[in-house]
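Some notes on the structure that comes next.
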Amino acid sequence: MKKIIICLMVVSGSLQFSCKKFLDITPIDKLTGNNFYQSVQDIEANINDMYGSLYQKYTNTNTAGATGEFRSGEVIPAAAGFESGNRNQIAQLGGHTRQAPNPNLNLSRVEIPPANVVNDRTLLNATGGIYNFQNLRVWNEYYRIIQSANLLVDKLEEGIPALNAEQTKRYVGEAKFIRNWCYFFMVRLYGDVVYYTNAYQKDALPRENQVSVMNKCIADMKSSMNDLPVFATDPTTKAVRATAGAAKGLIMNMNMWNAGFDPTNKAKYYEETATLGLEVMNSGAYRLMPLEDWDLVTKGRSDESLFELYSPFNYTTSGNPIR
């Protein structure tokens with residue numbers, strides 16, 4: 099009996115140590131924040147995922163990128179036969195007019211028939227139509243991208259041994275560019291928005307004045323814009339990854355937006371926009387394309403582009419060149 103007990107104890111002890119060794123194995127198919135940010139490849143994958151999410155957001159309604167301009171009231175059907183249906187809904191977003199130029203080119207104007215919806219709110223609640231206006235109401239997709247950028251900046255500033263100092267600063271700048279891009283386009287859509295850069299934000303925050311949000315984004319982008327490359331050395335990333343020119347272009351847009359909502363300081367916004375524009379022009383990284391090369395501009399990644407959400411669909415010479 100004593101021998102049996104001793105044998106059982108030996109077997110039990112060996113099982114205990116072998117189980118511990120088994121449980122300490124690092125899972126190869128599950129990545130967490132603690133074991134993901136380890137290499138350049140990990141950071142590249144994270145950055146590319148954020149760009150992909152931006153592209154997905156802007157293609158789930160083909161009006162998202164231009165919606166900030168609709169409030170001008172100038173988006174209206176301009177030819178006979180386009181006054182009804184989906185194009186009339188775009189006219190309604192303008193809000194200021196229901197008239198379009200007469201197709202016969204005389205100076206009188208013709209009234210656009212009322213849309214199928216009563217007002218902008220019901221238009222944005224609608225689920226029909228080819229423009230998917232209802233997707234404009236969804237801002238959590240922007241915040242998912244912002245949260246990814248916040249986490250990446252936090253990990254980069256904490257330090258990743260596989261990256262040198264120059265790489266770290268460049269990736270921080272790129273993450274900030276994506277974050278501030280999201281905030282800018284949310285402000286265009288929603289006005290006041292919730293702003294945060296904390297990677298582990300837990301408490302609910304109120305919406306913040308849009309001018310304040312833009313000023314914070316401008317300061318955030320300025321702190322890293324010169325850490326980004328002047329131009330892409332890899333032709334496959336030309337105009338589709340953040341550069342110093344793209345960052346300055348974003349700051350210029352944010353300044354011009356604020357100039358319209360903060361008239362007391364508009365001179366400051368205009369002056370800074372002009373200064374940054376001159377820096378971009380003198381960088382040698384960009385040039386205006388001649389009109390005969392317009393097809394190259396619409397296909398994307400041209401010498402004229404500061405930044406774009408690239409679609410392979412552009413590489414065609416037939417059909418609509420712009421998606």
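Using my numbering, the letters of the sequence shown correspond one by one to residues 99 to 421.
C-beta: ideal position from N, C-alpha, C; glycine also.
Identified DSSP bridge partners for Glu-306: Beta-bridge pairing links Glu-306 to Val-291.
Segment contact flag, the stretch 328 to 346 with the stretch 291 to 307, C-beta cutoff 8 Å, min 3 pairs: no
Cβ pair Glu-432, Gly-398 closer than 7 Å: Past the boundaries of the shown model lies residue 432; the chain is included only from 99 to 421, so the question cannot be answered.
Presumed contact (8 Å Cβ cut-off) between Gly-289 and Ala-340, rounded CB distance: Contact doesn't hold; Cβ gap of about 25 Å is too wide.
Member of Leu-374, Asn-233, Asn-133, Ser-246 whose CA lies at the smallest distance from the CA of Pro-147: Here residue 147 turns out to be Asp, not Pro, going by the sequence shown. For Asp-147, the nearest C-alpha among the options comes from Ser-246.
Proximity below 7 Å, CB of Thr-157 to CB of Asn-230: no
Outcome for Lys-300 when other beta-carbon atoms lying within 10 angstroms are tallied against a minimum of 16: exposed
Nonlocal neighbours in the same chain, by C-beta distance under 6 Å from Phe-275, ignoring five residues either side: For Phe-275, same chain residues with a beta-carbon under 6 Å away, outside a window of 5 residues either side, are Ala-340, Ala-345 in chain order.
7 Å Cβ cutoff met for Asn-353 and Thr-371: yes
Secondary structure of Asp-318, DSSP reduced to three states: helix
Inter-residue CB distance, Ala-302 and Met-323 (contact presumed, cutoff 8 Å): So it is not a contact: roughly 31 Å between Cβ atoms.
Nonlocal neighbours in the same chain, by C-beta distance under 6 Å from Tyr-367, ignoring five residues either side: Asn-353, Asn-356, Ala-357
Anticipated Cβ contact below 8 Å, Val-285 with Val-291, distance rounded: 6 Å
Cβ-based neighbour list, Asn-296, same chain, cut-off 7 Å, excluding 5 preceding and 5 following: Asn-248
Collapsed DSSP secondary structure at Ala-263 in the structure displayed: helix
Proximity to Trp-237 [Cα-Cα], best of Leu-152, Phe-359, Lys-364, Lys-320: It is Leu-152.
Inter-residue spacing [alpha-carbon to alpha-carbon] between Ile-244 and Tyr-298: 12 Å
Selection from Arg-242, Phe-283, Thr-396, Asn-313 that minimises the alpha carbon distance to Leu-234: Phe-283
Range of the contiguous alpha helix (DSSP H) that encloses Thr-371: Where Thr-371 is concerned, the enclosing alpha helix (DSSP H) stretches over 364 to 380.
Exposure of Trp-279, with buried meaning 16 or more beta-carbon neighbours within 10 Å: Buried is the label assigned to Trp-279, since at least 16 other Cβ atoms lie within 10 Å of its Cβ.
First and last residue of the uninterrupted alpha helix (DSSP H) at Asp-360: Taken as a continuous stretch (DSSP letters only), Asp-360 belongs to no alpha helix (DSSP H), as it is neither H nor E.
Tyr-135 and Lys-253 closer than 7 Å at C-beta: yes
Nearest candidate by alpha-carbon position, reference Ala-263, set Phe-359, Met-379, Val-138: Ranking Phe-359, Met-379, Val-138 by Cα distance to Ala-263 puts Val-138 first.
Alpha-carbon spacing of Met-319 relative to Asn-351, whole angstroms: Going by the C-alpha atoms only, they are around 12 Å apart.
For Lys-397, the three-state DSSP class (helix, strand or coil): helix
Terminal residues of the alpha helix (DSSP H) in which Ser-246 lies: Counting along the chain, the alpha helix (DSSP H) containing Ser-246 begins and ends at 238 to 256.
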